[in-house]
Ligand SMILES: [Zn+2]
Ligand SMILES: [Zn+2]
């Protein structure tokens, strides 16, 4: 079980069980939304996360994959919380930087590395995918 939340405290969440994976995403849209070089995403079943508080959302239509992604964030402080691919909303991505213990979520793989920034080094031995996984 893991917990997390936004900067202002209006949104809190709880994740039951272990994540399915932890994926670092280098796509331009994750980069813009996170404001960071890449986004570390905790991949969980949609049913594994319970959220308290109001989330604002943006249906992101112009993604690298061509599949819209519902991006949810705290409407008060703007912290990004959850992304739901509309192609398969049963699996969601929770932004690892918002976890109370973000150090627990080291990326297990890197995706969309074709848009990786040139100064980002990916640790040797981690699987890399130019686009999405399979
Ligand atoms: Zn907030
Ligand atoms: Zn992405």
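Residue numbers (my numbering): -9 to 124. Virtual Cβ for every residue (Gly too), placed ideally from N, Cα, C. All values reported here derive from a predicted model rather than from experimental measurement.
{"query": "With three or more C-beta pairs closer than 8 angstroms as the rule, is the segment 43 to 51 touching the segment 24 to 33?", "result": "no"}
{"query": "Could you check the C-alpha separation between residue 69 and residue 114 for me, to the nearest Å?", "result": "30 angstroms"}
{"query": "Pick helix, strand or coil for residue 105, following the three-state DSSP scheme.", "result": "helix"}
{"query": "Use the C-beta contact count for residue 6: other C-beta atoms within 10 angstroms, 16 or more gives buried, fewer gives exposed.", "result": "exposed"}
{"query": "Shortest alpha-carbon distance to residue 56 belongs to which of 38, 71, 76, 40?", "result": "76"}
{"query": "Assign residue 62 to buried or exposed, taking buried as 16 or more other Cβ atoms, counted over all protein chains shown, within 10 Å of its Cβ.", "result": "buried"}
{"query": "Given 7 angstroms as the limit, tell me if residue 66 has its C-beta closer than that to any heavy atom belonging to ligand 3.", "result": "For the structure depicted, ligand 3 is absent and the ligand set comprises only ligand 1 and ligand 2."}
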